[in-house]
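Structure, as structure tokens:
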Amino acid sequence: MGRSMYTDYEIVCRTNIPAFKLRQSSVRRRYSDFEYFRDILERESARVTIPPLPGKVFTNRFSDDVIENRRAGLEKFLKIVTPTGTATHGDGAAAVVASS
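Residue numbers for the sequence shown, in the numbering used here: 10 to 109.
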């Protein structure tokens, strides 16, 4: 079987908030899911500047270096938007990340 036509990235969520049943959960998301998530954050957080995602890649998008650079950029994006509560206060934004 050949390689998939897209790359997905694992998001691992950890919490110590008692309201959550699981202390850790994970989902896999494509770059397009991050674009959708960012769009929702912008709509729901009009007064907060949402950082850009790593740029789109049109050549060598399946090379290990490209995948790792994008993964690191997506991780940086998530670390910026989650501590402020941006990703946790909007129902639409939280659903994109949390739903499987």
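Positions of the beta carbon are idealized from the N, C-alpha and C atoms, including for glycine. Remember, predicted model here, so these are calculated numbers, not experimental data.
Whose C-beta lies closer than 8 Å to the C-beta of Ile20 among residues of the same chain, with five residues either side of it excluded? The sequence position of residue 20 within the sequence shown is 11, counting from 1. Closer than 8 Å at the Cβ level, and outside the excluded window around Ile20, lie Ser35, Val36, Arg37, Arg38, Leu87, Val106.
Residue-level contact to chain C via CB, Asp74, 8 Å cutoff: Of the chains in the structure shown, none is chain C; there is only one protein chain.
What is the DSSP secondary structure of Ser54, reduced to helix, strand or coil? Here the question's residue 54 lines up with position 45 in the sequence shown. In the structure shown, the three-state DSSP call for Ser54 is coil.
Arg32, DSSP secondary structure in three states: Working through the sequence shown from its first residue, we reach residue 32 at position 23. Reduced to three states, the DSSP call for Arg32 is coil.
Indicate the three-state DSSP secondary structure (helix, strand or coil) for His98 in the structure shown. Start at 1 with the first residue of the sequence shown, and residue 98 comes out as number 89. In this prediction, His98 has a pLDDT of 45, which is less than 50 and means its spatial position is unreliable; nothing more can be read from the coordinates.
How far does the alpha helix (DSSP H) with Ile89 in it extend, from its first residue to its last? Indexing the sequence shown from 1 puts residue 89 at position 80. Ile89 -> alpha helix (DSSP H) spans 73-90.
Return the CA-CA distance between Glu44 and Glu77, expressed in angstroms with no decimal places. Along the sequence shown, read from residue 1 onward, the residue named residue 44 stands at position 35. Along the sequence shown, read from residue 1 onward, the residue named residue 77 stands at position 68. One C-alpha to the other measures close to 18 Å.
First and last residue of the beta strand (DSSP E) that includes Val21? Here residue 21 is taken as the residue at index 12 of the sequence shown, counted from 1. Here the beta strand (DSSP E) through Val21 covers 17-23.
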